[in-house]
Amino acid sequence: MPKRLTKRGQERTPLGGGYDVIVCGASFAGLTVARQLTGSEARVLVLDRYEIGERQTSACGIPTEWLRVMGLEASARQEFGELVVHTPRGTSRYDLPWTFSTFDYRELCQLLWAQCDAEFETAKVNGRSGETVHTDRGDVSAPLIVDALGWRRILASDGGYQPPDAPLSRGLEVHPDGGSADLEIWIDRRYVPAGYGWSFPARGEQRIGVGSFDPRFHVKDTTVLLADDLERPPVRYQGNWIPHKLRPGTEDGIFFVGDSAGHCLPLTAEGIRTAFYFGIKLGDELRAVVEKRQGREAALRNYAEFVDAHEFKFRWMLRAQRLLPKLPARVQRAVIRACGRKRFVDWAFGHYLRIAPPEFAGQPPERRDEREPVPAAA
Ligand SMILES: Cc1cc2nc3c(=O)[nH]c(=O)nc-3n(C[C@H](O)[C@H](O)[C@H](O)COP(=O)(O)OP(=O)(O)OC[C@H]3O[C@@H](n4cnc5c(N)ncnc54)[C@H](O)[C@@H]3O)c2cc1C
């Protein structure tokens, strides 16, 4: 179990005062926004209910190039040039045009935080009125507020999504010790009627899980079944809801990024690189405001338009997510086998990567000073 470092008792002094930017949520999206503000002279406060890196929020698989361009390679655990796709009628191996890597969540968050010069506090965000964020340690204010709190979209005026009556998938995984050379997925109704199972090895640990596009399908039993089939014990559970619909990037003067804006890709449920990608864009827009190169309204407009410009790609991924499970098993198998041809794999995975391409990351921003970052979870 991770060591709990979250501030407790007397350490939980009241929070208050004003900042230039408040970033709520210190995972992939929130830390990326804060990183883009490094060196801007802005007073940036990052809030999370847990210490940085304390609670893993995913299977932590990502196109390797994204780790490199973000300066996060040291967190990588295992790299894969192939994707193995199992169906009840056979197995296909896709030779990928780029590699995929698993990483260690805590290490990645620590590396990302080391690129930031923001302040960090552990506090539970309860809501907002105007430019004031209400937390369990008091109220803090800023003209620029970011909700990177995940699927709940807590700072939205409509109160966010309520599962299961919302466009959410659900995912659950176990993290037994062990290993494998292959990155594998299962498209098999034995595990889930609409969705897929996975095994993401991460050097000594195997992340085995099931994701269902239908939020009403309970994935616990079949996650255990898949772990049993792989002869691994179902230990160390981790799961969450996964939004599969793009949502507006701004609302009522607030910026939303990562899962709170539905930036997780439908069909594949890949949401880390998109959290980086949209986090970079949002951080750059906010930086232009704090450096007085543009006003807040321009940042709201530019960021909202940028998010909207991706709607078409997200809609197509969602269509594929709805269509694939409806195909009869033998048609699914035929499609998966046909899609395994090298030219098609290169074309399809090339397009897929370009939804949020690594080149977008550019150069990491300069730190303002060389002070030690606030320690993340040990
Ligand atoms: C089982 C599973 C496996 C997955 N595997 C992958 C994968 O391998 N690759 C991939 O690309 N995507 C994967 N995803 C999707 C991915 O996890 C998300 O898209 C991604 O985590 C989104 O990042 P985020 O920063 O927006 O939100 P999150 O990572 O969810 O972070 C939200 C942050 O907000 C904090 N927070 C929430 N509420 C409050 C509050 N009230 N007050 C204070 N802080 C709060 C949380 O502690 C957390 O740090 C997976 C999802 C699941 C459920």
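First residue of the sequence shown: 40, per the working numbering; consecutive thereafter. Just so it is clear, CB atoms sit at the ideal spot from N, CA and C, and this is done for glycine as well.
The shortest C-alpha to C-alpha distance from F67 to any of A368, V328, L321 is the one to L321. The beta-carbon separation of L265 and G236, rounded to 5 Å, stays under the 8 Å limit for a contact.
In this structure, the straight-line span from the alpha carbon of Q360 to that of L306 is close to 4 Å.
Contact check for A81 against V329 passes: the beta carbons are separated by less than 8 Å.
Counting along the chain, C148 sits inside the alpha helix (DSSP H) bounded by residues 144 to 153. Rounded to the nearest whole angstrom, the C-alpha separation of E158 and V123 is 43 Å. Contact annotation, G297 with G310: C-beta distance approximately 7 Å; criterion of less than 8 Å satisfied. Annotation: the stretch 237 to 296 contains the following complete segments of the beta strand (DSSP E) (minimum length 3 residues), in chain order: 245 to 251, 276 to 282, 293 to 295.
Burial state of E93 is buried, judged by a 10 Å Cβ sphere holding 16 or more other Cβ atoms. Per the coordinates, the alpha-carbon of D178 lies some 57 Å from the alpha-carbon of R369. For S251, the CB contacts under 7 Å within the same chain, skipping 5 residues up- and downstream, are S208, R209, V231, A233, G234, V258 in chain order. Runs of the alpha helix (DSSP H) lying entirely within the stretch 335 to 370, each at least 4 residues long, are 335 to 347, 350 to 362 in chain order. Here the alpha carbon of P240 sits roughly 6 Å from the alpha carbon of S219.
Distance from the CA atom of P282 to the CA atom of H349, rounded to whole angstroms, is 16 Å. Ranking P272, R312, E104, R335 by CA distance to the CA of V185 puts R335 first. Membership of E121 in the beta strand (DSSP E) is indicated by the continuous run 115 to 126.
Residue pairing by DSSP leaves Y391 without any beta bridge partner.
Inclusion of L86 in the 7 Å shell around ligand 1 follows from its C-beta lying nearer than that to a non-hydrogen atom of the ligand. Exposed is the label assigned to D221, since fewer than 16 other Cβ atoms lie within 10 Å of its Cβ. A direct Cα-to-Cα measurement between E146 and A113 gives close to 8 Å. For T96, the shortest separation between its Cβ and any heavy atom of ligand 1 lies below 7 Å. Y391 and C378 have their alpha carbons spaced roughly 14 Å apart.
Relative to the Cα of G100, the nearest Cα in the group Q333, E344, T141 belongs to T141. F315 is positioned such that its CB atom lies closer than 8 Å to that of T71.
Assignment of W105 by DSSP, reduced to helix, strand and coil, places it in the helix class.
Per DSSP, the continuous alpha helix (DSSP H) segment holding E324 begins and ends at 311 to 329. A straight line joining the alpha-carbon of A337 with that of V60 spans about 16 Å.
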